[in-house]
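Numbering (my numbering), first residue to last: 1 to 296. Beta carbons are placed, not taken as given, at the ideal position from N, Cα and C, and that holds for glycine. Here the structure is a predicted model, which is why all the values come from computation and not from measurement.
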């Protein structure tokens, strides 16, 4: 009797294992079928989206970033000013107005970067406690392109850059050129103008204008839900003296939107322009901002 029970238990165990193996095989087969269906649906979705006619007309937008820091020191011996309060304010704002049509486009962009710093000495030296300008850049650009193909256009560009707090329009930079613009998708615009003249206006310091090539790359995309990345590179290579008269500026920012366009943002900019840094040990210029952001 006990032997019969043992045999029945073994049969039940082997039967359960066989049923489980069959269940796994059937689940794997069903999973493969579902994956195939999902792949077909994704392909159909892409075809449906591509069938939508492009949206033409004006597109506008604005983003801003405000950074603030405050440092208070009391008898901090390791500091040059051991009893002092330091505050920094930085503002970055960008706006655009783009007209996109079937045969042409007109892209207008503006960028403003301002910064101030104040050192308040509590004891010792004379203290005026005034904010001093640190970052001061205003830049506007206008790009017109006539389409040769859906992704390539003959284009003309005007770009102007100066300061607005100190030494306004002294110097001021104006680039005017023609060439081609590549727009592989809605997020990326690359402009290459082999014929460009870089005008520099200055009252006191001697700057040199020159003929050269202009390259501008602009990338703007929502990489995740509520996370926007924007990056801009603008560069000029002089045909007359590439090492002394050329320049470039690269600006990259990431905004994390939390509520109704308000969030946290970070921005970094790097510039190389030997005509601006004559007499300095380092030719590179840079700034960094972390603070509250706003987008619409």
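> Going by Cα to Cα distance, which pick from 28, 274, 91 is closest to residue 242?
Replying inline: Minimum Cα distance to residue 242 is reached at 274.
> residue 43 by DSSP, collapsed to three states: which one?
Replying inline: helix
>> Which of the three DSSP states is assigned to residue 27 in this structure?
In response: helix
>> Looking at the strands, I want to know which residues DSSP matches up with residue 296.
In response: Bridge partners of residue 296: none, in fact.
> residue 180: beta carbon under 7 angstroms from a heavy atom of the ligand HEM?
Replying inline: As far as ligands go, the structure on display features none, and thus does not contain the ligand HEM.
>> Considering just the uninterrupted stretch of the alpha helix (DSSP H) at residue 242, what are its terminal residues?
In response: 242-245
> If you drop the 5 nearest sequence neighbours on each side, which residues of the same chain put their C-beta closer than 8 angstroms to that of residue 78?
Replying inline: Its pLDDT being 48, under 50, residue 78 is placed unreliably in this model, and the coordinates cannot settle the point.
>> Per DSSP, what are the beta-bridge partners of residue 132 in this structure?
In response: According to DSSP, which records beta bridges pairwise, residue 132 is partnered with 117.
> Do three or more CB pairs link the stretch 135-145 to the stretch 100-118 at distances below 8 angstroms?
Replying inline: yes
> For residue 249, which of helix, strand or coil comes out of DSSP?
Replying inline: Looking at residue 249 - three-state DSSP - the assignment turns out to be strand.
> If you follow the beta strand (DSSP E) that residue 175 is part of, which residue opens it and which one closes it?
Replying inline: 172-182
> Nearest to residue 229 by alpha carbon, out of 265, 249, 119?
Replying inline: Comparing Cα-Cα distances from residue 229 to each of 265, 249, 119, the minimum goes to 265.
> Where does the unbroken beta strand (DSSP E) through residue 238 begin, and where does it stop?
Replying inline: Looking at the DSSP string, the run of the beta strand (DSSP E) that includes residue 238 is 227-238.
> Cβ of residue 140 within 8 angstroms of Cβ of residue 110?
Replying inline: Cβ atoms of residue 140 and residue 110: closer than 8 angstroms.
>> Tell me which residues share the same chain as residue 292 and place their Cβ nearer than 6 angstroms to its Cβ, disregarding the 5 neighbours each side in the sequence.
In response: 66
>> Between the alpha carbons of residue 288 and residue 208, how many angstroms are there, rounded?
In response: 29 angstroms
> Can you name the start and end residues of the beta strand (DSSP E) that residue 207 belongs to?
Replying inline: Element bounds for residue 207: n/a, residue is neither H nor E.
> Any chance the stretch 162-170 sits against the stretch 183-198, with 3 or more Cβ pairs inside 8 angstroms?
Replying inline: no
> Which residue's Cα is closest to the Cα of residue 290: 280, 68, 173?
Replying inline: Residue 68 is the option with its Cα nearest to residue 290.
> If you draw a straight line from the alpha carbon of residue 187 to that of residue 219, how long is it in whole angstroms?
Replying inline: 6 angstroms
>> Using the three-state DSSP reduction, which class does residue 37 fall into: helix, strand or coil?
In response: helix
>> Comparing C-alpha positions only, which one of 148, 217, 174, 149 sits nearest to residue 160?
In response: 174
> Taking just the CA atoms, how far does residue 36 sit from residue 299?
Replying inline: The chain is shown only over 1 to 296; residue 299 falls outside these bounds and no answer can be derived.
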